[in-house]
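Trainee: Chains as they are written, first to last, in numbering that gives the first Met the number 0: chain V, 0 to 177; chain H, 0 to 82. My structure is below; once you've seen it, I'll send some questions.
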Amino acid sequence: MIAYKFLRDDATGVFTGFAWPLPGDGPGAWVEARVEQCRSGIHACRTADLPLWAGRRLYEIELDGDIVEAPTKVVASRGRLVRRLDGWDGLRGEYTRMCADRAHDLALGASPPLAQWDAVVEPSIPEGPALLGFVAARIAEEISGLDAYHAERRRQADWLAERLDLHQNPPPGQGAPA
Amino acid sequence: MAESADHITCMEVVELVNDYLERTLPPDEVTVFEQHLNFCDGCDLYVEQLKRTVETVGEIREDDVPAEAKERLLSAFRDWKRS
């Protein structure tokens, strides 16, 4: 299965600090770990999960072995980084701006306008794409409920998948294509 | 637990951090907890500081604490219990 993984600037795992073997002329070395969601295993994103975990560096990762699909992540017993998606480096700021603009549109288009929510948008920009994605989705939720939060997240994921020309994973729960 | 099953507040991060560090949070709560850390620099720093404190304190044995420091700590705890 092809999926995606965000790492820190030093190519370590965001929550584990694990130093990933990087791709060179070919994919990086395989990494193996017992699958236990949120505790052990190779954690990665389907395209739909990308906005929830947006970070500094983005890699395409090949997953193999036992693969467990959770609502907002996928966990596998084997994985290797295939290539760095350099396009994300240049797109990060653009995505952040898109989310900020969307947050403004949602907040000011509400009836009555959500001025207090709108006010947090610009000061949040330095904190980056993950926060702005959350802010836009959270404003959508405030206006129209949880379905709107998820719809906004899907919109963000589609925006990223299209611009990064990503392999579109099936939506969570619908399994891999035959 | 949270205002939503899909995201938590900074206040909820504070409430859940011990369970997170002790690895007793259920996976779905770990997921929303880490999603919050991923976008909230303040909470990320807070959790990182706690993690380092726990690691550091875990390395200190009672014999490592100088007698004077030990007495000051015990005195502070006695005063705190009285207050």
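Note that CB positions come from ideal geometry on N, CA and C, so glycine has one too.
Quick one, are the C-beta atoms of V:Trp-158 and V:Glu-141 less than 8 Å apart?
Mentor: Result no, Cβ atoms of V:Trp-158 and V:Glu-141 do not sit closer than 8 Å.
Trainee: At 3 residues or longer, and completely inside the segment 67-107 of chain V: list those beta strand (DSSP E) runs for me, N to C.
Mentor: Fully enclosed beta strand (DSSP E) runs of 3 or longer: 72-83.
Trainee: Flag this pair as touching only if the segment 26-35 of chain H and the segment 117-127 of chain V have three or more C-beta atom pairs under 8 Å; answer yes or no.
Mentor: No, the segment 26-35 of chain H does not touch the segment 117-127 of chain V.
Trainee: Answer with buried or exposed for V:Gly-92, where buried requires no fewer than 16 other C-beta atoms within 10 angstroms of its C-beta.
Mentor: exposed
Trainee: Give the single residue among H:Gly-57, H:Ile-59, H:Gln-34 and H:Glu-54 whose Cα lies nearest to the Cα of H:Ala-4.
Mentor: H:Gln-34
Trainee: Give a yes or no on whether the minimum CB-CB distance between V:Tyr-3 and chain H is below 8 Å.
Mentor: no
Trainee: If contacts are defined as beta-carbon pairs under 8 Å, then V:Ala-18 and V:Cys-44 qualify, I think. What distance do you get, rounded to the angstrom?
Mentor: Rounded, the Cβ-Cβ distance is 20 Å, inconsistent with contact.
Trainee: At a Cβ cut of 8 Å, what residues of the segment 129-156 of chain V count as close to chain H, listed as they run along the chain?
Mentor: With the criterion set as a beta carbon lying under 8 Å from some beta carbon of chain H, the members of the segment 129-156 of chain V are Ala-129, Leu-130, Gly-132, Phe-133, Arg-137, Glu-140, Leu-145, Tyr-148 and His-149, in sequence order.
Trainee: Any residues in the segment 35-46 of chain H with a beta carbon nearer than 8 Å to a beta carbon of chain V? Which ones, in chain order?
Mentor: Cβ contacts with chain V: Leu-36, Asn-37, Phe-38, Cys-39 and Asp-40.
Trainee: Check whether chain H comes within 8 Å of V:Leu-107, counting only Cβ atoms and requiring the distance to be less than that.
Mentor: no
Trainee: At a CB-CB cut-off below 7 Å, which residues of chain V make contact with H:Glu-33?
Mentor: When 7 Å is used as the limit between beta carbons, H:Glu-33 is near these residues of chain V: Phe-14, in chain order.
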